[in-house]
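K.L.:
Each residue of the sequence shown is one higher than the last, beginning at 16 in my numbering.
Quick one: structure below, then a few questions.
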Amino acid sequence: MYVGRFVVVGPEVGAYRVSSRSFPNREITARDEALTVGPTEDAPETDNPYVSYNCLRVVETPTGETAAFGNGSHVDPIAEKLELGYPARDALAESLLALDYEKDDYDTPRIAATIGGDGEALIGTVRKDALLVETVDEPTLVATYETDSPESIDLEAGSAAAAASEVYDLEFEHAVCAAGVARTEDGFETAIENGD
């Protein structure tokens, strides 16, 4: 089954996976304060605004570190609102509502999640017909297609690297790359899985 891009989040661990039929020549790279999805060196040129974006950021908030991750440019305003002290629910809801679903041929939903230093985890999506933001206490998935409402999923990973690898290997079609994040005693760790 092809579900497109998706996030999985639980109170301790989360991950984001790029699955793509249209733009498979992408990878995740680590930059200063973010993990960024972008084209590989051999990718054909495109002016599609949805191909490159920060997919995961860990930011310092008034209550400690919080990780924010998702499938597009909305990750940055979510992270910025968290840094300003917005509750995670408000940061997700306001940013998803402001940027809205992607205005492409498929009305692709925007999806995002946060994990707080206190273990509070939220997941959200904005689609053509709904804006959903939920607190989760078990691993939960939301995808751009098919599974576009949050639902529980088994996630065994206990580290960022294991989370990235586990979601990359899930049996949904057209895996391209994945990012993982985990809460540790020393803050958040992140990891990248770009496949072969």
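Backbone N, C-alpha and C fix where the C-beta goes; we use that ideal spot for every residue, glycine too.
Residues in the same chain with beta-carbon distance under 6 angstroms from R142, minus the five sequence neighbours each way, listed in chain order, please.
P.N.:
Here residue 142 refers to the residue found at position 127 when the sequence shown is read from its first residue. Contacts found: Y116, P124, D163.
K.L.:
Looking at the secondary structure, which residues open and close the alpha helix (DSSP H) in which I93 lies?
P.N.:
Position 78 of the sequence shown, counting from 1, holds the residue named residue 93. 90-98 is the extent of the alpha helix (DSSP H) around I93.
K.L.:
I think A197 touches E27, with their Cβ atoms under 8 angstroms apart; what is that distance to the nearest whole Å?
P.N.:
On the sequence shown, residue 197 is found 182 positions in, with the first residue counted as 1. On the sequence shown, residue 27 is found 12 positions in, with the first residue counted as 1. Their Cβ separation, rounded to whole angstroms, is 6 angstroms, which keeps A197 and E27 in contact under 8 angstroms.
K.L.:
With E181 as the anchor, note down where its alpha helix (DSSP H) starts and where it stops.
P.N.:
By one-based count along the sequence shown, residue 181 stands at place 166. Run containing E181: 175-183, per the alpha helix (DSSP H) assignment.
K.L.:
CB P77 to CB G100, shorter than 7 angstroms?
P.N.:
Looking up residue 77 in the sequence shown gives position 62. Looking up residue 100 in the sequence shown gives position 85. Cβ atoms of P77 and G100: closer than 7 angstroms.
K.L.:
Check whether the Cβ atoms of V182 and A30 lie closer than 7 angstroms to each other.
P.N.:
Numbered from 1 along the sequence shown, position 167 holds the residue referred to as residue 182. Numbered from 1 along the sequence shown, position 15 holds the residue referred to as residue 30. The answer is yes: Cβ separation under 7 angstroms.
K.L.:
Are the segment 164-180 and the segment 135-155 touching by the rule of at least three beta carbon pairs closer than 8 angstroms?
P.N.:
Yes, the segment 164-180 is in contact with the segment 135-155.
K.L.:
Buried or exposed: which applies to E208, given that a residue is buried once 16 or more other Cβ atoms fall within 10 Å of its Cβ?
P.N.:
If you number the sequence shown from 1, residue 208 lands on position 193. Buried, because 16 or more other Cβ atoms sit within 10 Å of the Cβ of E208.
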